[in-house]
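Numbering (my numbering), first residue to last: 210 to 339.
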Amino acid sequence: MEPTLTDGVAFFVPCLNEEGNVGRVIDTLSEVMKGIGGRYEILIVDDASTDHTLQDVEEARQRHPDAVIKVIRNVFCRGLGRNYFIAAHRAEADHFMLVNGDAAEPPETIQAILALKGQADAIVPLFRSS
């Protein structure tokens, strides 16, 4: 059994044709964690994308060589629920967080959620439109 990232965070990033978005997600997560500190991994689950999603991931890897970025590629679309299960079982960190591959969550939201880490078994944020 592989060692866990003690008190670290595994970010699950589901992707289906997220070219132009997933790189920004990786940039955001890397910058947020650089500011907070601590160990983390990013699990990209590509759900059989037909665009350049994986190329964006590789370019982000080059921008963030110290980040642990793992890619799980599905040969056919499995859907969000199955991909959540797959990522959760491959995660090595003590904490697990879904961050959408479309770059919907701003850094401030991710920071606010991470600030609650360790206060409950599960944190379910409520997003409201203005």
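Even glycine gets a Cβ: it sits at the ideal position worked out from N, Cα and C. Just so we're clear, the structure is a prediction, and the values are computed from it rather than from any experiment.
| said: Could you compute how far the alpha carbon of Glu314 sits from the alpha carbon of Thr262? | reply: 18 Å
| said: Only counting the same chain, and skipping five residues up and downstream in sequence, which positions put a Cβ closer than 6 Å to that of Gly278? | reply: The residue you asked about is not Gly; residue 278 is Ile in the sequence shown. Around Ile278: Ile251 and Arg270.
| request: Would you list, in sequence order, the uninterrupted beta strand (DSSP E) runs of no fewer than 3 residues that lie entirely inside the segment 280-319? | output: 302-307
| query | In terms of residue numbering, what span does the alpha helix (DSSP H) encompassing Ala269 cover? | reply | Taken as a continuous stretch (DSSP letters only), the alpha helix (DSSP H) holding Ala269 covers Thr262 to Arg272.
| task | Check whether the segment 323-336 touches the segment 291-302, counting contact only when three or more Cβ pairs, one atom from each stretch, lie closer than 8 Å. | result | no
| For Gly232, the three-state DSSP class (helix, strand or coil) | helix
| task | Using the Cα positions of Val280 and Lys243, report the straight-line distance between them to the nearest angstrom. | result | 21 Å
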